[in-house]
Structure formats: structure tokens, C-alpha cells
Amino acid sequence: GQVAPDFAASALDGSEVRLAAYRGHPVWLTFGATWCAQCRAEAPDIQAAYEQARPAGAVVVSVYLEEDADAVRAYTERVGMTFVHVPDPKAAVSSLYRVQGVPFHVFIGPDGVIDSVQFGVLSREQMDSALAAAAA
Numbered sequence: 018g019q020v021a022p023d024f025a026a027s028a029l030d031g032s033e034v035r036l037a038a039y040r041g042h043p044v045w046l047t048f049g050a051t052w053c054a055q056c057r058a059e060a061p062d063i064q065a066a067y068e069q070a071r072p073a074g075a076v077v078v079s080v081y082l083e084e085d086a087d088a089v090r091a092y093t094e095r096v097g098m099t100f101v102h103v104p105d106p107k108a109a110v111s112s113l114y115r116v117q118g119v120p121f122h123v124f125i126g127p128d129g130v131i132d133s134v135q136f137g138v139l140s141r142e143q144m145d146s147a148l149a150a151a152a153a
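Numbering (the working numbering), first residue to last: 18 to 153.
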């Protein structure tokens, strides 16, 4: 029920990512790491949920805890994910959200208010449900 902390970070493509720029859209911040087996396991479902929700305006931003751009780029190209990827080598964004472990998911409504926070691997049904709730 709190307003999500705003941040500015660089995406893999070099563009600046600002949470405030997504106001008006449901946003799913997913925190993970390329070395995290659970994160890798849920990656195809995150991509599928994103593809389904994108036409309605949903945004997915994946933040990689304490990882640099080279590691994240190699991983995302291999796996084929098309949403926004943000390396977080100094854990600046992760610290704002008090991420203690991965995977960690924050669903934010179009009004910028956190709708839900979930720790651990999500099923595809949980992903779709959380995105739908955040969009409502």
C-alpha cells in the first residue's frame, strides 16, 4: 500500500530507466540473478506473462542483484527475454526495495502504489494473477 520508491538506472540498451516514467502502467519489478537456479527456472514464465500482459500496458523490469552489464547481457541473449533488464552491480535499486534474496517480485499499480510483494518462485498462474491485480 506504499508508493514504490522511484529510481533511475541504466538498462542493458543504455537507456535510462525511471520508475516514475511508467506511471499509468502496471509495473512488475522482478529481482533476480543470472546465477540463481530458481530465477532461471521461472524466466520462461515471466516472458510469457509479459507477452500476454504487454498489450494492456504492463511493464516488466528485471533487476539483477549485484551483477554487471556483461553478465546480464550474455544471460538475457541466451534466454531470449524481451522486457527491460537492469544490471544492479552495487545493489542500489535492490537496497531501495530491501531485497534480501532472489527471486523477489514487486507488483506496482498504475498509480505507483505497491500492490503486492512476493518472495520466491512464482507459478505462471500467480504471475498472471498478480499482474491483473496490479492493473486493476
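For glycine and all other residues, C-beta sits at the position ideal for the given N, C-alpha and C.
No experiment lies behind these values; they were computed from the predicted model shown.
| field | Proximity below 8 Å, CB of V80 to CB of F48 | value | As a first step, residue 80 is located in the sequence shown; it is residue number 63 there, counting from the start. As a first step, residue 48 is located in the sequence shown; it is residue number 31 there, counting from the start. Closer than 8 Å, so yes.
| In terms of residue numbering, what span does the alpha helix (DSSP H) encompassing R95 cover? | Reading the sequence shown from its first residue, position 78 is the one you call residue 95. It spans 86-96 - the alpha helix (DSSP H) in which R95 sits, taken as one unbroken run.
| said: Here's the rule I'm using: 16 or more other beta-carbon atoms within 10 Å means buried, otherwise exposed. How should T99 be labelled? | reply: By one-based count along the sequence shown, residue 99 stands at place 82. Exposed.
| said: What does the alpha-carbon distance come out to for the pair D132 and G18? | reply: As a working note, residue 132 is residue 115 in the sequence shown. As a working note, residue 18 is residue 1 in the sequence shown. Using only the alpha carbons, I get a separation of about 6 Å.
| request: Identify every run of the beta strand (DSSP E) within the stretch 44-77, keeping only runs that are complete inside it and at least 3 residues long; order them along the chain. | output: 44-49
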